[in-house]
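Down below is the structure, laid out as C-alpha coordinates.
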Amino acid sequence: MLSGMDGCGVPVHAVPLKNMAVSYLKFADPAMIADRKTAQAVNKISQTMGAHPEIVASHDFICTVLLADHNIVAKGGAMGVYCLALKKEKNQHRFEST
(Lines of atoms letter the chains of each structure in order from A and count residues from 1; the text may use other names and numbers.)
(Lines give C-alpha, C1' and ligand atoms only; values in the text may rest on other atoms or scores of the structure.)
Protein backbone atom coordinates (compact mmCIF):
# COMPACT_ATOMS: atom_id res chain seq x y z
CA MET A 1 0.00 0.00 0.00
CA LEU A 2 1.34 3.42 -0.93
CA SER A 3 1.28 5.93 1.91
CA GLY A 4 2.45 9.47 2.51
CA MET A 5 1.69 12.64 4.47
CA ASP A 6 -0.76 15.30 3.37
CA GLY A 7 -0.16 19.03 3.69
CA CYS A 8 -1.59 18.99 7.22
CA GLY A 9 0.75 16.22 8.40
CA VAL A 10 -1.94 13.52 8.40
CA PRO A 11 -0.95 10.05 7.12
CA VAL A 12 -2.77 9.20 3.89
CA HIS A 13 -3.00 6.07 1.77
CA ALA A 14 -3.26 5.82 -2.00
CA VAL A 15 -6.79 5.09 -3.22
CA PRO A 16 -7.79 4.48 -6.85
CA LEU A 17 -10.01 7.24 -8.27
CA LYS A 18 -12.77 4.69 -8.98
CA ASN A 19 -12.85 3.79 -5.28
CA MET A 20 -13.10 7.46 -4.34
CA ALA A 21 -16.09 7.83 -6.68
CA VAL A 22 -17.80 4.78 -5.17
CA SER A 23 -17.16 6.15 -1.68
CA TYR A 24 -18.87 9.42 -2.55
CA LEU A 25 -21.76 7.55 -4.14
CA LYS A 26 -22.20 5.84 -0.76
CA PHE A 27 -22.01 9.26 0.91
CA ALA A 28 -24.93 10.26 -1.31
CA ASP A 29 -26.86 7.09 -0.48
CA PRO A 30 -25.75 5.49 2.81
CA ALA A 31 -28.42 2.80 2.29
CA MET A 32 -25.90 1.26 -0.15
CA ILE A 33 -23.65 0.45 2.83
CA ALA A 34 -24.32 -3.05 4.17
CA ASP A 35 -23.18 -2.43 7.74
CA ARG A 36 -25.91 -0.50 9.57
CA LYS A 37 -23.58 1.26 12.04
CA THR A 38 -21.27 2.38 9.24
CA ALA A 39 -24.25 3.63 7.21
CA GLN A 40 -25.49 5.61 10.22
CA ALA A 41 -22.03 7.10 10.77
CA VAL A 42 -21.69 8.09 7.10
CA ASN A 43 -25.13 9.69 7.20
CA LYS A 44 -24.21 11.67 10.33
CA ILE A 45 -20.89 12.81 8.81
CA SER A 46 -22.67 13.91 5.62
CA GLN A 47 -25.30 15.82 7.61
CA THR A 48 -22.63 17.49 9.75
CA MET A 49 -20.65 18.51 6.65
CA GLY A 50 -23.80 20.13 5.23
CA ALA A 51 -24.76 21.81 8.50
CA HIS A 52 -21.26 23.23 9.11
CA PRO A 53 -19.48 23.54 5.74
CA GLU A 54 -16.96 26.04 7.11
CA ILE A 55 -15.33 23.35 9.28
CA VAL A 56 -14.70 21.13 6.25
CA ALA A 57 -12.52 23.54 4.27
CA SER A 58 -12.83 26.98 5.92
CA HIS A 59 -14.15 30.01 4.08
CA ASP A 60 -13.47 30.91 0.45
CA PHE A 61 -13.18 27.28 -0.67
CA ILE A 62 -15.38 25.64 -3.28
CA CYS A 63 -16.21 22.87 -0.76
CA THR A 64 -17.75 25.41 1.60
CA VAL A 65 -19.95 26.85 -1.14
CA LEU A 66 -21.02 23.45 -2.50
CA LEU A 67 -21.78 22.03 0.96
CA ALA A 68 -24.24 24.88 1.57
CA ASP A 69 -26.49 22.97 -0.84
CA HIS A 70 -27.81 20.04 1.22
CA ASN A 71 -28.06 17.93 -1.93
CA ILE A 72 -24.27 17.96 -2.34
CA VAL A 73 -21.50 16.26 -0.40
CA ALA A 74 -18.07 17.41 -1.56
CA LYS A 75 -14.44 17.63 -0.48
CA GLY A 76 -11.23 18.54 -2.22
CA GLY A 77 -8.00 16.74 -1.57
CA ALA A 78 -4.33 16.77 -2.33
CA MET A 79 -2.85 16.75 -5.81
CA GLY A 80 -5.92 18.29 -7.44
CA VAL A 81 -8.36 15.50 -6.56
CA TYR A 82 -11.90 16.66 -5.91
CA CYS A 83 -14.92 14.46 -5.21
CA LEU A 84 -18.59 15.31 -4.97
CA ALA A 85 -21.89 13.49 -4.98
CA LEU A 86 -25.47 14.54 -5.62
CA LYS A 87 -27.69 12.97 -2.97
CA LYS A 88 -31.09 13.12 -4.69
CA GLU A 89 -29.66 11.96 -7.99
CA LYS A 90 -27.40 9.36 -6.33
CA ASN A 91 -24.68 10.38 -8.73
CA GLN A 92 -20.96 10.92 -8.12
CA HIS A 93 -18.14 12.69 -9.93
CA ARG A 94 -14.42 12.78 -9.46
CA PHE A 95 -12.00 15.21 -10.97
CA GLU A 96 -8.24 15.17 -11.20
CA SER A 97 -6.12 17.99 -12.46
CA THR A 98 -3.68 17.16 -15.22
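Each residue of the sequence shown is one higher than the one before, starting from 1 at the first, in the UniProt record's numbering.
Cβ atoms here follow ideal geometry from the backbone N, Cα and C, with glycine treated the same way.
Within the stretch 3-67, the complete alpha helix (DSSP H) segments at least 4 residues long are 17-28, 36-51, 54-57, 62-67, listed from N- to C-terminus.
By the Cβ neighbour-count rule, Ser-3 is exposed, with fewer than 16 other Cβ atoms within 10 Å of its own. Around the beta carbon of Cys-63, 16 or more other beta carbons lie within 10 angstroms, which makes this residue buried. With 16 or more other CB atoms across the displayed protein chains lying within 10 angstroms of its CB, Met-49 is buried. Following the DSSP letters along the chain, one finds Gly-76 inside the beta strand (DSSP E) bounded by residues 72-76. Inter-segment contact for the stretch 38-57 and the stretch 72-86 is present: three or more beta-carbon pairs are separated by less than 8 Å.
Pairing Tyr-82 with Ala-31, the inter-Cα distance amounts to about 23 Å.
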